[in-house]
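Contents: one structure, followed by commentary.
In the working numbering, the protein residues as written are 4 to 129.
So, in C-alpha cells, the structure goes:
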C-alpha cells in the first residue's frame, strides 16, 4: 500500500510513496499535483488545503488555533479540512487518504487577523 493516497478534484487517484517525514504538502507537490503551497509551509496562504478522509481524521493530531483560523478563511472548508503543510507523514499514517478540493485555483478570503500582508493569487498549474 502507498504511503499517501490522493484523490484529485476530478476524481482520479494517485498513490504516492515517500521517504522520511515529509509533509503531505511536500509529497503532493513532488508528485506534480495541483497543491501550490505558496508560503512554503509557514501556515499563511492556505494553498495546501486538503480534505482528509473521515476514516483517517481522528488519527491526526487536532489542528492548532492558527491552522483553524486559516482554514476558516477558505471558500470550501469541510469538517475534515486540514493544511497539508501541517500533516507530517509518519509510520502511523501509512495509507493516509486525502482529497484535493475543487477550488485550489481560487485564493483564500482575506484574513482579518494574524500576520499582516496581502495574499495574491497565482495562476493555477496546468
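Glycine included, C-beta positions come from ideal geometry on N, C-alpha and C. Predicted model only: the values in this text are computed from it and were never measured.
Beta-bridge annotation (DSSP): residue 84 is paired with 54.
C-alpha of residue 58 to C-alpha of residue 97: approximately 13 angstroms in a straight line.
Residue 7: member of the beta strand (DSSP E) spanning 7-10, first to last residue. The DSSP-derived three-state label of residue 38 is coil. When rounded, the separation of the alpha-carbon atoms in residue 63 and residue 90 is 8 angstroms.
In summary, residue 24 is exposed, with fewer than 16 beta-carbon neighbours lying within 10 Å of its beta-carbon over all protein chains present.
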